Structures are given as C-alpha cells and as structure tokens.
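Visitor: Numbering (mature numbering (1 follows the signal peptide of the UniProt record, and there is no 0)), first residue to last: -31 to -1, 1 to 305.
Here it is, the structure, as structure tokens.
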Amino acid sequence: MILKNKMNVKNITMGLLLTSFLIGGTPLASLADGKALSTVPYSDTALEAVAEMKYAHYNGFTGKIESVEPHHSIPEAFMIRVQGEGEAIADFVVTKSTVLADQVKLEVGTTVTGWYDTRKPMILIYPPQYTIELVTTPEEGMSQKADYFDETLTSADGTLKLNLEQDGSFKLWDRQGQLYTESLAEKHLLVSYSYSTRSIPAQTVPQTVYVIEDQKWLTIAGEKPVLINGEVIHALSAFVTDDQTVMVPLRAAAEALGHEVTWLPETQSVMVGKATLTIGQDAYAFARMAHKPLGTAPVLKDGRTFVPLSFFGEILPELHAEMSSGKIMIAANSED
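Rendered as structure tokens:
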C-alpha cells in the first residue's frame, strides 16, 4: 500500500513537471503571462513545416443535382444544391463565366463535379457554398484532377505528374484537329486519365486536358490523329504501310462511334458489332455471311489492333472515312 502511494506521488510530480515544461516552452506560457499570441515567436522548425506543406489549387465536389434555382443576388447566375456521398451537401454558385464541359446538363438528377479555386475566400456557412469555375461529368473508369502543374508537369500538391513521353509519340490536339504547340508547364490544368502508376507522385498519360488559362480543350493523340465526327479522339497514331494502306486503331475509333468491341484472345479475333476480324488474316465475317477479303490483314501494334481505314467506309457503310492532311476523318454519312 505504501509502495503504491509512493508511485502515485512520483507520477503526479512527473506530470506537473512535464506540464510546466510544455507551457513554459511554448506560446501557451505567454498566454498565461497575458502576452498577445501574435507577439510570440514560433520555432523555425514549425514555420518551415508549414511552408513546405503542399496544397492543390483546385478541389472538386461530386454529387447529384437536387435543385437549380436563380441566384438571389448575382445576375444570370444559379444556385445549385448538390448531394454528395453519404450526408455531404454543397451549394454550387454557377455564373455566366463558369465553363461547362461537353455533355454537361445542369438538371435535377444529373451527377456532376464542380471545381472551385481553393485560393479564393469562401463563406463560412453550412452547407458549404462554392463558386464553381468548371463543371464536368464523372466518367466510369476515369479519374480527374484540376491543379497547377509546374515546369516538370507535377501538380501543386505533389500527387500527380503528367508523362507525355519524351519520344514525341503523343501530341496535343485541340477539338478541331489543330496541333497545340504551347507547353502545358506552369499552367492550371484539368486532366482526365484512366490509369496512373503506384508511385509518389503518381504518373499518368492523360487522355484529355483542359487548359484553364487558355480555356481550351485538348486531346492527347498520336502524330496522325483520328477525328470522329469532327473531333479528335484519344488514340495511338494511325500509320501508313509500305503499300500506302492507312491503318487505324480499331477499338478507339469504333467505341467513339458507339460500337461495342470485344477481344477474343483464344482466336486472336476482334468483334465489332456483328463483324469479326482475325489478326493476320485478310478477311472478315459479317453476321453469318461468308468471309470476305478486307484488303489488308489486321495487325497488333503496341498491344492495339489496327485495321485498314477502308473497314470504316466499306464494311460499315453508314460511315464515311478518308485521310486528309495527315488526319484520319471518320464520320456518319449525312442524311440527304
């Protein structure tokens, strides 16, 4: 019993000594002395730790639109209530300067992501209210990030690095197929990508990029881009064989046109809708019809199936396909 009491006394004594040390060695001591906290110097280590913290310049909130109402004080603006995951709720302030990505509809029931500038002041209110600069639609299997990317194309928060491949196999094209020759470095970008490495920072080759400063949408594609209905798609470059046959990446083009593509590894075949093609065989089958010559056999290149451009104009007759000025144009035939 005596031993236990002695140990309790020792513990109490050590606790008091530790508390007095902590208070005496920190700004809390100055508060106890009546000094203003702003006049108390912080340690260099603490200041350096704060200075080294990295923050994203933009954050996004994703959810389903619950209501759309005219803003009570901003002309031509709307207040949009968005229900996120769980019980998360946010109000989007969407003005006439807010950029809407393709296919975005600000309607009740639509799932959207609103991107806001974290460097701008925000009202301390619940639900949180964000002035939205860009609205996108989440895509299955895709990730999005908006941030400032430095001279190494690393995001401001240090979590993502863009790898556009130094060998020049990927180039930047605007929606109309014009080459974008400016650098993406030291700009604010919204990037969409399907995969990234498990590294710090994660690295990725984006599929599309929105340059916030230039208000320009870009697509990462090969040197000979494929345009579907007038817009560049993310795909490896088309190429021309020795006999001048234009070969086009099949899956990227077909899926952009709305066709389902299925790879059959056991036979090295590809199904595009009702058409079936086999790697290395100059023939195709349509539905249950007999095989017909394709003109040039499909090939595998960099893990992707390439077919002659004629596939999209002859085998799928509802399409018009041609190569012009180094660009592949595939579009639905106009109805006259």
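We put the CB at the ideal spot given by N, CA and C, even for glycine.
From a predicted model like this one, the values you see are computed outputs, not experimental measurements.
1) The beta strand (DSSP E) with alanine 115 in it runs from where to where?
2) Can you tell me which residues form a DSSP beta bridge with residue 307?
3) Can you have a look at threonine 188 and say buried or exposed, based on whether 16 or more other CB atoms are within 10 angstroms of its CB?
4) Look at the alpha carbon of aspartate 207 and the alpha carbon of alanine 266, and state the distance between them as a whole number of angstroms.
5) On the premise that histidine 26 lies in contact with threonine 123, defined as a C-beta separation below 8 Å, what is that separation, rounded to the nearest angstrom?
6) Quick one: Cα of histidine 157 to Cα of tryptophan 142, how far?
7) Using three-state DSSP, classify glycine 282 as helix, strand or coil.
8) Apart from the five residues on each side of it in sequence, which residues of its chain come closer than 6 Å, Cβ to Cβ, to glycine 29?
9) Around the Cβ of histidine 203, are there at least 16 other Cβ atoms within 10 angstroms (buried) or fewer (exposed)?
10) Among all the DSSP beta bridges, which residues are the ones paired with histidine 157?
11) Excluding sequence positions up to five away, which residues of its chain have a Cβ less than 8 Å from the Cβ of glutamine 176?
12) Any idea what DSSP makes of methionine 298, helix, strand or coil?
13) Determine contact between the segment 252 to 271 and the segment 179 to 187, defined as no fewer than three beta-carbon pairs at a distance below 8 Å.
14) Please determine, among Glu151, Glu229, Arg167, Ala59, the residue with the shortest C-alpha to C-alpha distance to lysine 243.
15) Below 6 Å CB to CB, which residues in the same chain sit around alanine 254 once its five sequence neighbours on both sides are set aside?
16) My parser needs the beta strand (DSSP E) runs of 3 or more residues fully inside the segment 172 to 234; what are they?
17) Cα separation between lysine 296 and valine 51?
18) Using 10 angstroms around the beta-carbon of isoleucine 169, count the other beta-carbons present and answer buried if the total reaches 16, otherwise exposed.
19) Can the beta-carbon of methionine 216 be found less than 9 Å from the beta-carbon of phenylalanine 281?
20) Use the C-beta contact count for leucine 278: other C-beta atoms within 10 angstroms, 16 or more gives buried, fewer gives exposed.
21) Please specify which runs of the beta strand (DSSP E), each continuous and at least 3 residues long, are wholly inside the segment 244 to 269, giving them in chain order.
22) If asparagine 198 sits next to alanine 70, beta carbons under 8 Å apart, how far is it from one beta carbon to the other, in whole angstroms?
23) Using the three-state DSSP reduction, which class does leucine 75 fall into: helix, strand or coil?
24) DSSP three-state call for tyrosine 149: helix, strand or coil?
Guide: Reading off the structure:
1) The count along the sequence shown starts at 1 and reaches residue 115 at position 146. Counting along the chain, the beta strand (DSSP E) containing alanine 115 begins and ends at 112 to 118.
2) Residue 307 lies beyond the stretch modelled for the chain, which goes from -31 to 305, so this question has no answer here.
3) As a first step, residue 188 must be located in the sequence shown, where it is residue number 219. Per the 10 Å Cβ criterion, buried.
4) One-based indexing of the sequence shown puts residue 207 at position 238. One-based indexing of the sequence shown puts residue 266 at position 297. The displayed chain sequence assigns alanine, not aspartate, to residue 207. Taking the straight line from one Cα to the other gives about 15 Å.
5) One-based indexing of the sequence shown puts residue 123 at position 154. One-based indexing of the sequence shown puts residue 26 at position 57. 13 Å between Cβ atoms; not a contact.
6) Taking the first residue of the sequence shown as 1, we reach residue 157 at position 188. Taking the first residue of the sequence shown as 1, we reach residue 142 at position 173. C-alpha separation (whole angstroms): 17 Å.
7) In the sequence shown, the residue the question calls residue 282 occupies position 313. Residue state, collapsed to three classes: helix.
8) Looking up residue 29 in the sequence shown gives position 60. Within the same chain, glycine 29 has close Cβ partners Thr82, Trp84.
9) Taking the first residue of the sequence shown as position 1, residue 203 is located at position 234. When all chains shown are included, histidine 203 counts as buried.
10) Reading the sequence shown from its first residue, position 188 is the one you call residue 157. Tyr117, per the DSSP bridge assignment.
11) Here residue 176 corresponds to residue number 207 of the sequence shown, with the count starting at 1. These residues qualify, in order along the chain: Met111, Ser161, Tyr162, Ser163, Thr188, Ile189, His203.
12) Here the question's residue 298 lines up with position 329 in the sequence shown. Strand, per DSSP.
13) No, they do not touch.
14) Reading the sequence shown from its first residue, position 274 is the one you call residue 243. Ranking the options by Cα distance to lysine 243, first place goes to Glu229.
15) Working through the sequence shown from its first residue, we reach residue 254 at position 285. Same-chain partners within the cutoff: Thr245, His260.
16) 177 to 180, 185 to 190, 195 to 197, 215 to 218, 230 to 233
17) As a position in the sequence shown, residue 296 is number 327, starting the count at 1. As a position in the sequence shown, residue 51 is number 82, starting the count at 1. Between the C-alpha atoms of lysine 296 and valine 51 there is a straight-line separation of about 41 Å.
18) Here residue 169 is taken as the residue at index 200 of the sequence shown, counted from 1. When all chains shown are included, isoleucine 169 counts as exposed.
19) The residue labelled residue 216 in the question sits at position 247 within the sequence shown. The residue labelled residue 281 in the question sits at position 312 within the sequence shown. Contact flag unset, no.
20) Translated into positions along the sequence shown, residue 278 becomes position 309. By the neighbour-count rule (16 or more Cβ atoms within 10 Å), leucine 278 is buried.
21) You should have 244 to 247, 253 to 255.
22) If you number the sequence shown from 1, residue 198 lands on position 229. If you number the sequence shown from 1, residue 70 lands on position 101. No, asparagine 198 and alanine 70 are not in contact; Cβ-Cβ is about 17 Å, not under 8 Å.
23) Within the sequence shown, residue 75 is the residue found at index 106, counting from 1. The answer is coil: DSSP assigns leucine 75 none of H, G, I, E or B.
24) As a working note, residue 149 is residue 180 in the sequence shown. If DSSP states are grouped into helix, strand and coil, tyrosine 149 belongs with coil.
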